[in-house]
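**Q**
Chains as they are written, first to last, in our numbering: chain A, 796 to 1150; chain B, 9 to 411.
1) Does the segment 206-214 of chain B come close enough to the segment 355-370 of chain B that 3 or more CB-CB pairs lie under 8 Å?
2) Expressed to the nearest angstrom, what Euclidean distance is found between the alpha-carbon atoms of residue 69 (chain B) and residue 82 (chain B)?
3) Specify, as a first and last residue, the run of the alpha helix (DSSP H) that residue 939 (chain A) falls within.
4) State the beta-bridge partners of residue 1015 (chain A) as determined by DSSP.
5) Roughly how many whole angstroms lie between the Cα atoms of residue 854 (chain A) and residue 1116 (chain A)?
6) Determine the burial state of residue 73 (chain B): buried for a count of at least 16 other Cβ atoms within 10 Å of its Cβ, exposed for fewer.
7) Should the segment 192-204 of chain B be regarded as contacting the segment 339-347 of chain B, the criterion being three or more beta carbon pairs within less than 8 Å?
8) Going by CA-CA distance only, name the one from A:918, A:1045, A:891 that's closest to residue 865 (chain A).
9) Contact between the segment 395-405 of chain B and the segment 112-129 of chain B is defined here as three or more beta-carbon pairs at a separation below 8 Å; is this criterion met?
10) Can you tell me whether residue 850 (chain A) is buried or exposed, with buried defined as 16 or more other CB within 10 angstroms of its CB?
11) Does DSSP put residue 217 (chain B) in a helix, a strand or coil?
12) Name the chain A residues whose beta carbon is nearer than 7 Å to that of residue 106 (chain B)?
13) Measuring CB to CB, does residue 360 (chain B) end up less than 9 Å from residue 236 (chain B)?
14) Label residue 942 (chain A) either buried or exposed according to how many other C-beta atoms from any shown protein chain fall within 10 Å of its C-beta, with 16 as the threshold for buried.
15) For residue 1149 (chain A), does the count of other Cβ atoms within 10 angstroms reach 16, so buried, or fall short, so exposed?
16) Locate the beta strand (DSSP E) running through residue 1073 (chain A), then write down its first and last residues.
17) Using DSSP's beta-bridge definition, name the partner residues of residue 88 (chain B).
18) Run through DSSP, which three-state label would residue 1102 (chain A) get?
19) Determine the chain A residues that contact residue 3 (chain B) at a beta-carbon separation under 9 Å, and present them in chain order.
20) With 16 as the cutoff for other CB atoms within 10 Å, does residue 318 (chain B) come out buried or exposed?
21) Quick one: what does DSSP say residue 1004 (chain A) is sitting in, helix, strand or coil?
22) Taking the C-alpha atoms as reference points, what is the distance between residue 87 (chain B) and residue 43 (chain B)?
23) Beta-carbon of residue 1081 (chain A) versus every beta-carbon of chain E: anything under 9 Å?
24) To the nearest angstrom, how far is it from the Cα of residue 848 (chain A) to the Cα of residue 307 (chain B)?
25) Rank A:937, A:940, A:977 by C-alpha distance to the C-alpha of residue 956 (chain A) and give the top, closest one.
26) Starting from the Cα of residue 243 (chain B), find the closest Cα among B:100, B:11, B:94, B:84 and give me that residue.
27) Determine, using beta carbons only, whether residue 218 (chain B) and residue 265 (chain B) come nearer to each other than 9 Å.
28) Residue 1115 (chain A) by DSSP, collapsed to three states: which one?
29) For the segment 272-287 of chain B, enumerate the residues whose C-beta is nearer than 8 Å to any C-beta of chain A, in chain order.
30) Consult DSSP for residue 61 (chain B) and reduce its assignment to one of helix, strand or coil.
31) Anyone know if the C-beta pair for residue 2 (chain B) and residue 131 (chain B) falls short of 9 Å?
32) In whole angstroms, give me the CA-to-CA distance for residue 1038 (chain A) and residue 934 (chain A).
33) With C-beta atoms as the reference, is residue 157 (chain B) less than 9 Å away from residue 136 (chain B)?
34) On a Cα-Cα basis, can you pick out the residue from B:40, B:92, B:297 that is closest to residue 147 (chain B)?
35) Nearest chain B C-beta to residue 1138 (chain A) closer than 9 Å, yes or no?
36) Terminal residues of the continuous alpha helix (DSSP H) containing residue 992 (chain A)?
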């Protein structure tokens, strides 16, 4: 598929940031057209729903699929023989989502991740410590969200060290060696938020071990639920990382397996940012679009999903858009916060934040 | 000899204080139970609880005057007493059902153990707190000794087993799997089993009447329809999911009816995030599952979706919505409906037809088991001693033959 934004990206054209609004929508329309043409289910749903969602703002005209639908159906928008990978989500209550990737789609994910990653880290490849086990990196046809994230991220490192053994226990010896060897190098620590907390940080706190690192950074994602149960929030998490690893730059990232690649990195001000490949909409309890600063359901748009209709998805997360193109961090895009998974008790409409 | 059952068990959460329940068989429609329910009704009919429509309708239902009407309707010339201990396993999605189940059985002279849902519904908390206040009055001491409201996790099957074996009757509200699982545990040899299984309900509307309806009558119809469906978010098995239109002016009637309902809902009904997400997910799922039988879909607002079907289909009873999500069909004189009834069909609500017409064109033409209640729109949730094909006034009592 010939997408303008991707073409710009390949030519390393710096114009793309400023032309985003113009091209994102054109590209998204192309993606939608592709799914309508190649996925009879999507066409049907789009036909039925779009008529009724009409006559509103352009964004509102884009049919979304609820995330749970990927748990019930195999949704594919290319010829079956083109599928090279099947990704499972980490299902919390039994059923898991299934995402089917073609080679083109997988390549596009890497390209976009690469671009987003370099915005945060620069183009230099750095030594990486992954708080996970080698075995999580599945190489076969089927993989899960954890596997796809690790294989996605480790492409940007120079040499990779896995911190956990095959039984998910921290191998302190390896970790010590890693920090020793790289004490004068910039490094990246990467992993799932809960594993970083549960396997690495808790261990360091308990054994009073402090590592030193130089101008390094830590990337983590995958949800806060388990940590919040233990009363660990983002700020506290960052403080502990600073204290025990001497890492000042900690970036949380947010994304869904349905839109792997176009993930959202947290900026230095603590907000997630949309990129030239993605957009976010917040909807209220009646599924109407909320204005900025209101909390509501998160709908995510991405131009990457092409082998499956995952370009516009209504998540079950609660979020809030703070503003657009005016974040104090200097980066463009809509910047937003995520408040975790929708709770059954959440009955408010577009509620004002901060009260 | 005093018969009793001890239900002290660490797995059980008690919502009433008594843990040793006296098993009694009292006179059906006895004075004490009347007084108790009528006091309960009075305490529930205060302004504070007006915002819970299901509490209000329950309270109205157990007013003394209404219960006396039931007595007139359901007593025969026989001497009837309760069967003994009734074990109620009540539903987790319709909070108010437990109150009706208890009230009817109490009125018929029985001792009662009521298992309620673990979900913390405000309705249940309110009614329980008032029941507790009342049974601690001296005059209701005997009621205190004969009822117990409990909850426990469904996987604690031993609790179910122990109570069941001592029960003279068991009422199970639930889906087919739940009921079959519970039925593995026997009740007393002569015990009565009553299963309120998952059923499917529908409405039949006369399009020609609705097409020419006065605005006042339309208002009433909409309110009645709302009470049947939205109050329980369509979770009650008596709430319609399928709307059948009969007449010549169907297109017009649909427009008038659904638009009026939608306007009414704007003020009255508000979905939470959770239900909104479930509803849009369910819509997507139904589109994918039943695409061949869907003619069109209208999303009036988030409060109201309608799906026009092409025809009746196999396993029609799986076409369910929630929170204002209806399937509809055109079927003049119910010619097709009578051929498509199954045992899954429970309540049929109607508007714009006479009883005689329905008996002639519907009831007399159906020769298989299915449809147990036909009531006007607005009465779908109205609990009655006749329920789901059972006459509870007979099933939960025994006759003493004196000659």
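Backbone N, C-alpha and C fix where the C-beta goes; we use that ideal spot for every residue, glycine too.
None of the values given here were measured: they were computed from a predicted structure.
**A** For this structure:
1) yes
2) If you number the second chain from 1, residue 69 (chain B) lands on position 61. If you number the second chain from 1, residue 82 (chain B) lands on position 74. Going from the Cα of residue 69 (chain B) to the Cα of residue 82 (chain B) covers about 16 Å.
3) Numbered from its first residue, the first chain carries residue 939 (chain A) at position 144. Premise fails: residue 939 (chain A) lies in the beta strand (DSSP E), 937-939, not in any alpha helix (DSSP H).
4) The residue given as residue 1015 (chain A) occupies position 220 in the first chain. Residue 1015 (chain A) pairs with A:986, A:1047.
5) The residue given as residue 854 (chain A) occupies position 59 in the first chain. The residue given as residue 1116 (chain A) occupies position 321 in the first chain. Approximately 15 Å between the Cα atoms of the pair.
6) The residue you call residue 73 (chain B) lines up with position 65 of the second chain. That one is exposed.
7) no
8) For this step, residue 865 (chain A) is matched to residue 70 along the first chain. If we check each option's Cα against that of residue 865 (chain A), A:891 comes out closest.
9) yes
10) Taking the first chain and counting its residues from 1, one reaches residue 850 (chain A) at position 55. Per-residue confidence for residue 850 (chain A) stands at a pLDDT of 48, beneath the threshold of 50, marking its modelled position as unreliable; the derived number appears in the next sentence. Classification of residue 850 (chain A): exposed, given that the 10 Å Cβ count is below 16.
11) As a position in the second chain, residue 217 (chain B) is number 209, starting the count at 1. The answer is helix: DSSP assigns residue 217 (chain B) an H, G or I state.
12) Translated into positions along the second chain, residue 106 (chain B) becomes position 98. Within 7 Å Cβ-Cβ: nothing; residue 106 (chain B) doesn't reach chain A, min ~20 Å.
13) By 1-based counting over the second chain, the position of residue 360 (chain B) is 352. By 1-based counting over the second chain, the position of residue 236 (chain B) is 228. Taking 9 Å as the Cβ cut-off, residue 360 (chain B) and residue 236 (chain B) do not qualify as a contacting pair.
14) Here residue 942 (chain A) corresponds to residue number 147 of the first chain, with the count starting at 1. By the neighbour-count rule (16 or more Cβ atoms within 10 Å), residue 942 (chain A) is buried.
15) By 1-based counting over the first chain, the position of residue 1149 (chain A) is 354. Note that residue 1149 (chain A) scores 26 on pLDDT, short of 50, meaning its location in the model is unreliable; the coordinates nonetheless yield the value given after this. So residue 1149 (chain A) counts as exposed.
16) Taking the first residue of the first chain as position 1, residue 1073 (chain A) is located at position 278. Run containing residue 1073 (chain A): 1073-1078, per the beta strand (DSSP E) assignment.
17) As a working note, residue 88 (chain B) is residue 80 in the second chain. For residue 88 (chain B), which the question treats as bridged, DSSP gives the partners B:407.
18) The residue labelled residue 1102 (chain A) in the question sits at position 307 within the first chain. If DSSP states are grouped into helix, strand and coil, residue 1102 (chain A) belongs with coil.
19) Absent from the model: residue 3 (chain B). The displayed extent of chain B is 9 to 411, so no value can be given.
20) Taking the first residue of the second chain as position 1, residue 318 (chain B) is located at position 310. It counts as exposed.
21) On the first chain, residue 1004 (chain A) is found 209 positions in, with the first residue counted as 1. In the structure shown, residue 1004 (chain A) sits in coil (DSSP, three-state: anything other than H, G, I, E or B).
22) Within the second chain, numbered from 1, the residue matching residue 87 (chain B) stands at position 79. Within the second chain, numbered from 1, the residue matching residue 43 (chain B) stands at position 35. For residue 87 (chain B) and residue 43 (chain B), the distance between alpha carbons rounds to 21 Å.
23) The question asks about chain E, but that chain is absent: this structure's protein chains are A and B.
24) Your numbering for residue 848 (chain A) matches position 53 in the first chain. Your numbering for residue 307 (chain B) matches position 299 in the second chain. Unreliable placement is indicated for residue 848 (chain A), whose pLDDT of 48 sits below 50; no coordinate value is reported for it.
25) By 1-based counting over the first chain, the position of residue 956 (chain A) is 161. Residue A:977 is the option with its Cα nearest to residue 956 (chain A).
26) Position 235 of the second chain, counting from 1, holds the residue named residue 243 (chain B). That would be B:100, whose Cα lies nearest to the Cα of residue 243 (chain B).
27) Numbered from its first residue, the second chain carries residue 218 (chain B) at position 210. Numbered from its first residue, the second chain carries residue 265 (chain B) at position 257. Yes; because the gap between Cβ atoms is below 9 Å, this pair is in contact.
28) On the first chain, residue 1115 (chain A) is found 320 positions in, with the first residue counted as 1. It is a strand residue.
29) 278, 279, 280, 281, 282, 284, 285
30) Reading the second chain from its first residue, position 53 is the one you call residue 61 (chain B). Helix, per DSSP.
31) Because chain B is modelled from 9 through 411, residue 2 (chain B) falls outside the range shown and cannot be assessed.
32) As a first step, residue 1038 (chain A) is located in the first chain; it is residue number 243 there, counting from the start. As a first step, residue 934 (chain A) is located in the first chain; it is residue number 139 there, counting from the start. Near 36 Å, if we compare the C-alpha coordinates of residue 934 (chain A) and residue 1038 (chain A).
33) Stepping through the second chain from its first residue, residue 157 (chain B) is reached at position 149. Stepping through the second chain from its first residue, residue 136 (chain B) is reached at position 128. The answer is yes: Cβ separation under 9 Å.
34) In the second chain, the residue the question calls residue 147 (chain B) occupies position 139. That would be B:40, whose Cα lies nearest to the Cα of residue 147 (chain B).
35) For the purposes of this step, residue 1138 (chain A) is taken as residue 343 along the first chain, with counting starting at 1. True, the Cβ-Cβ gap to chain B drops below 9 Å.
36) Translated into the one-based positions of the first chain, residue 992 (chain A) becomes position 197. Segment: none, residue 992 (chain A) is in no alpha helix (DSSP H) and carries neither H nor E.
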